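Peer 1:
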DNA sequence: TATTGTTTTAAACTAGATTTTAAACAGTTG
DNA sequence: CAACTGTTTAAAATCTAGTTTAAAACAATA
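Chains as they are written, first to last, in this note's numbering: chain A, 104 to 305; chain B, 104 to 305.
1. Buried or exposed for residue 245(A), going by 16 or more other Cβ atoms inside 10 Å?
2. Under 9 angstroms between beta-carbons, which chain B residues line up against residue 219(A)? List them in chain order, please.
3. Looking at the unbroken alpha helix (DSSP H) that takes in residue 127(A), where does it start and where does it end?
4. Report yes or no: is there a C-beta of chain A within less than 8 angstroms of the C-beta of residue 179(B)?
5. Buried or exposed: where does residue 256(A) fall if 16 or more other Cβ atoms within 10 Å of its Cβ makes it buried?
6. Using the beta-carbon of each residue, which ones in chain A are nearer than 8 angstroms to residue 297(B)?
7. Near residue 111(A), which residues of its chain fall below 6 angstroms by C-beta distance, leaving aside the five closest residues on each side in sequence?
8. CA-CA distance, residue 152(A) and residue 162(A)?
9. Going along the chain, which residues of the region 117–144 of chain B sit with their C-beta nearer than 7 angstroms to a C-beta in chain A?
10. Looking at chain A, is there any beta carbon in it that lies within less than 8 angstroms of the beta carbon of residue 251(B)?
11. Identify which residue in 273(A), 271(A), 113(A), 236(A) has its Cα closest to the Cα of residue 184(A).
12. What are the boundary residues of the alpha helix (DSSP H) that residue 295(A) is part of?
13. Cβ atoms of residue 267(A) and residue 208(A): under 8 angstroms apart, would you say?
14. Does the Cβ-Cβ distance between residue 259(B) and residue 165(B) come in under 8 angstroms?
15. Using 8 angstroms for Cβ pairs, my map puts residue 146(B) next to residue 159(B). What's the rounded Cβ distance?
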């Protein structure tokens with residue numbers, strides 16, 4: 104049973120890396136087997152098919168990387184503090200895993216129909232509580248009346264898009280990885296400022 | 104010679120559609136041939152290889168869809184008017200071709216190394232003139248001092264990202280195509296407002 | 001009509017990917 | 001120890017995709 108978990112995990116891990124790096128369709132089962140150091144047929148033994156393996160990996164990636172973020176949106180913090188923390192945590196997460204956004208973008212295109220049906224996808228949306236908070240504070244006059252769906256889209260656009268075009272930004276500005284991380288680090292303040300300013304007065 | 108152009112174009116068009124819809128790696132040469140209504144071997148006759156055909160298509164797509172936008176950034180308009188026009192034109196372009204961003208995102212992931220080397224890619228960056236304008240007006244005090252690279256990234260993030268996650272937004276908010284287009288239409292004002300406000304005073 | 005260059009067709013080739021099957025192995029339990 | 005179970009391996013079958021070939025059809029022209 105120990106070796107079992109082990110092999111299954113090895114396949115899972117190797118495939119995760121390869122899928123993120125080269126894309127699902129450009130990764131063969133042979134690549135996975137050789138990277139995991141296992142026999143070709145074991146992929147099938149544990150996951151039945153490549154597509155099945157992909158589903159498991161994708162679900163896992165989304166779940167792992169969104170749970171902390173959801174907690175923030177669903178917490179009892181005030182709006183300003185909440186936005187600050189969310190931007191900060193999201194950018195930290197993506198910085199430590201810069202392939203995540205490009206991979207995810209590619210998957211959206213690859214598996215359109217399938218993806219909206221996976222229930223884990225709901226993790227990617229803002230929470231009910233967060234939306235309500237924006238509406239409430241708008242009514243109360245603490246902030247300018249704001250459409251939560253636009254606000255949320257603004258927020259994730261500003262946070263995630265630069266990672267989607269990371270290679271282009273780096274190329275254009277002749278940035279090293281470190282330069283890019285600095286650029287992104289600057290954006291934490293920048294984005295928070297932008298969002299909060301727009302929220303407050305107009 | 105007439106039929107020549109015709110066949111070549113038929114292949115080109117069919118492949119463009121299929122690549123955008125299903126992705127390059129999930130489109131087979133046989134799919135292309137059957138959609139174009141031509142013989143399998145003609146793809147090779149005209150384009151030598153699938154990858155070659157892809158390069159031609161990709162270059163063409165970028166060129167066609169960026170030239171008007173570049174003109175705006177490079178024009179003699181004032182900054183405010185320029186941003187307004189750019190946002191407007193960019194969103195119109197993407198609305199009439201909603202697969203463009205998802206496709207492009209997938210390609211970034213698929214062809215990382217290759218893509219930064221294609222010279223047509225420079226079309227995607229802001230122009231020198233535009234950056235200079237932001238710096239100049241910052242110094243002159245017309246606007247708040249702003250880092251052009253952050254500003255440009257903000258702008259394209261806000262404009263394009265919603266198209267990248269179009270299917271998710273539609274799914275989440277139970278939107279029809281028309282609903283989505285309205286949502287995006289609202290964003291024209293919204294984005295321009297956001298960018299200009301942030302540019303002006305703080 | 002014969003010739004030449006171009007375009008089209010059908011079939012073959014090649015390589016590689018996924019999946020299936022059957023056998024080997026190791027550990028456990030009756 | 002023998003039967004059983006879960007795991008692993010090896011080999012083969014199947015299928016799919018990209019590319020190549022060779023010959024036929026076509027068009028223009030000398």
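Note that the Cβ used here is the ideal one computed from N, Cα and C, for glycine as well.
Small disclaimer: the values here were computed from a predicted structure and weren't measured.
Peer 2: To lay it out plainly:
1. exposed
2. Against residue 219(A), the close residues of chain B are 270, 271, 273, 274, 275, in the order they occur along the chain (beta-carbon pairs closer than 9 angstroms).
3. Counting along the chain, residue 127(A) sits inside no alpha helix (DSSP H), nor does DSSP assign it H or E at all.
4. When Cβ-Cβ separations below 8 angstroms define contact, residue 179(B) makes no contact with chain A.
5. buried
6. 257, 297, 301
7. 149
8. 16 angstroms
9. For the region 117–144 of chain B, which is checked against every Cβ of chain A, the residues closer than 7 angstroms are 126, 128, 129.
10. With 8 angstroms as the cut-off, residue 251(B) does not count as an interface residue toward chain A.
11. 236(A)
12. 280–302
13. yes
14. no
15. Between residue 159(B) and residue 146(B) the Cβ distance is about 12 angstroms, and since that is not below 8 angstroms, they are no contact.
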